[in-house]
Amino acid sequence: MAQAFYRKYRPKKLEDVLGQEANISILKNAAKNSRLGQAYVFYGPRGTGKTTTARLLAKLLNCEKRYADPEFAKLGEPCNECRECKQIDEQNSFDVTEIDAASNRGIDEIRNLKENIVTSPTTAKYKVYIIDEAHMLTGAAFNALLKTLEEPPQHAVIVLATTEYEKLPPTITSRAQRFAFKKLTKIDIVKKLSEEAKAEKIKIDEPALELIAAVAEGSVRDAESLLDQISSLQKNIDLAAVERITGRTGIAKIHDLVQSIIKKDLKDSLARVSELNDEGYNLVVFTKDLIHYLRKVLAIKIDPALGTTFEKELTRDEIANMKKIAEGTDIIFLAKFISSLIRAYSEMRYSPFAIVPLEIMLVENLS
Ligand SMILES: Nc1ncnc2c1ncn2[C@@H]1O[C@H](COP(=O)(O)OP(=O)(O)O)[C@@H](O)[C@H]1O
Ligand SMILES: [Mg+2]
Ligand SMILES: [Zn+2]
10 MAQAFYRKYR PKKLEDVLGQ EANISILKNA AKNSRLGQAY VFYGPRGTGK TTTARLLAKL
70 LNCEKRYADP EFAKLGEPCN ECRECKQIDE QNSFDVTEID AASNRGIDEI RNLKENIVTS
130 PTTAKYKVYI IDEAHMLTGA AFNALLKTLE EPPQHAVIVL ATTEYEKLPP TITSRAQRFA
190 FKKLTKIDIV KKLSEEAKAE KIKIDEPALE LIAAVAEGSV RDAESLLDQI SSLQKNIDLA
250 AVERITGRTG IAKIHDLVQS IIKKDLKDSL ARVSELNDEG YNLVVFTKDL IHYLRKVLAI
310 KIDPALGTTF EKELTRDEIA NMKKIAEGTD IIFLAKFISS LIRAYSEMRY SPFAIVPLEI
370 MLVENLS
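Quick look at the structure:
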C-alpha cells in the first residue's frame, strides 16, 4: 500500500512546519545556540505539528552533522542525512522513544522510562522521550514522571504532547518549556495541499482545495487524509466531487443563499435550502458554516477594516463578496438573523428533520 500522505509529507525541517512561526523560531534559535531544554510540553489541536516538531527536536539534538560541522549547526536545522536523522525519520532510533500514554494510561511505559532513562544513550548524544496524549497518564504515572522531570539525567530530553493542556498537572507543566500549537489557516493548508497534489499528479482546482481545507478546520493531517481519500477515487478533482464526498458545501453556495437572505427573498431562500437538502448535503453543518459566514459579514459591516483580519482564512474574492453583502444589509437585521440562526442550529442538531427549524427560522425572519 502507498504511504499515507500525512506521513509522506511530514515536514523534515523546522522551516517546513507551517503556521507555528513563534515556536519554530524559538526552537531554531535554541538549536543554533545549543541551548535546547530538557523538558517540553507541546499542546494544541490535533494535526497541527506537535509530533512532527517533537521529532524535529530529537533530530536537532542528535544530528551528527550538527556536531561535526559548526557552520552547518548555525542553520538550526537537522541534516536529514546522517544515521541519527535517518533513524529518527524511520522511527527506529534506539535513543528516541515514542510513548502513547493513551494505551494502558502509560503505567508500564512510565515505569520503563524511569528505568531506561538513567543509562547512557546507545549511539546518539541524547535520549529523547516523546510522550503522546500525555493528558491520559494516571495520577501515579504523573507522579512517577515528576521526579524525573525535576532532575533529568544530562543526556535526556522529555517532550509531552497533548491536545488537552488543562488536564496536565501544573507541577508537570511548570517544569517544562511550554509551546502552544495553533490551528492552521485555510491559506496555509491550501498551500501545502496544492504542493502535494502537484507531486502526486492530482488535478484539483482551487475551490476544491479550499473546501478540503475548510472541512479540516485547521488540522493539516485531516486535510491531507481527505485529499488522500478523494484522490484514491479520482485523479481529477473539482468542487462538486469534494462536496459530494464530504457532504459539505463550498463557500459559493453559502454566498448565494446569503444574497437571497439580505434581499429578504423568502421564496428563493427556501428553494435553495430545499435544494441542498434534496442533494443530500448535511444541513446542520451547512447552518454552522452559514453562521460563521454571517458573523464575518457582521464584523465587516461594523468595521470594513476587519476584512483584512480574515485574509488568513479567506481568499480576496471571498472577502470582496462579503463586503458587497455587508453593504447591502444593516447591523440590526444581521445580528437578529444570526441569533435566530443559532437557535435554529441547536434545534436542528437534535431534530430528526433538520430542515424544519431552518425553514421556520427563515419564514420568521424574512417575511
Ligand atoms: N504545522 C504543520 N505544517 C505542515 N504540516 C503539518 C503541520 N502540522 C501537521 N502537519 C501534517 O500533518 C501530519 C500530522 O502532524 P502531527 O505532527 O502528527 O500532528 P499532531 O501531533 O499535532 O497531531 C504531519 O505528518 C504533516 O503532514
Ligand atoms: Mg501527534
Ligand atoms: Zn543529521
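Under our numbering, residue 376 is the last one in the sequence shown; the count climbs by one each step, no gaps. Quick reminder that beta carbons are idealized off the backbone N, C-alpha and C, glycines included. Since this is a predicted model, take the numbers as computed values, not measurements.
Worksheet item: How about A133 and E93: do their beta carbons lie closer than 8 Å?
Response: yes
Item to complete: Look at T57 and V224 and say whether their C-beta atoms are less than 8 Å apart.
Response: no
Worksheet item: Quick one: what's R281 bridged to in DSSP?
Response: Per DSSP, none; premise fails for R281.
Item to complete: Starting from the C-beta of H144, find all residues in its chain whose C-beta is less than 7 Å away, skip the five residues before and the five after it, and write them out in chain order.
Response: T171, E173, K176 and L177
Practice prompt. Identify the continuous alpha helix (DSSP H) that holds D78 and give its terminal residues.
Written response: Per DSSP, D78 belongs to no alpha helix (DSSP H) and is neither H nor E.
Discussion item. Taking 7 Å as the cut-off, is the beta-carbon of G227 closer than that to any non-hydrogen atom of ligand 1?
Written reply: no
Worksheet item: To the nearest angstrom, how far is it from the Cα of K192 to the Cα of S102?
Response: 30 Å
Item to complete: Locate the alpha helix (DSSP H) running through K17, then write down its first and last residues.
Response: F14 to K17
Fill in: Where K345 falls, given that 16 or more other Cβ within 10 Å makes a residue buried
exposed
Worksheet item: Helix, strand or coil: which one does DSSP assign to K321?
Response: coil
Discussion item. At the level of alpha carbons, what is the spacing between I116 and D104?
Written reply: 20 Å
Discussion item. So, at 6 Å on beta carbons, what are the nonlocal neighbours of A363 in its own chain, with the 5 sequence-adjacent residues on each side left out?
Written reply: L292, V293 and M357
Worksheet item: CA-CA distance, A353 and M370?
Response: 6 Å
Item to complete: Could you please give me the residues that DSSP links to E107 through a beta bridge?
Response: I139
Item to complete: Determine the contact status of E80 and C91, defining contact as a CB-CB distance below 8 Å.
Response: no
Fill in: Helix, strand or coil at A170 [DSSP, three-state]
strand
Worksheet entry | Closer than 7 Å: residues whose CB approaches a heavy atom of ligand 3 | K68, C72, E73, K74, R75, P87, C88, N89, E90, C91, E93 and C94
Discussion item. Under 7 Å: does the beta carbon of T60 sit that close to some heavy atom of ligand 2?
Written reply: yes
Worksheet item: Going by alpha carbons, who is nearest to L84 out of E24, Y135 and P161?
Response: E24
Item to complete: Taking 8 Å as the cut-off, decide whether the C-beta atoms of I347 and K332 are in contact.
Response: no
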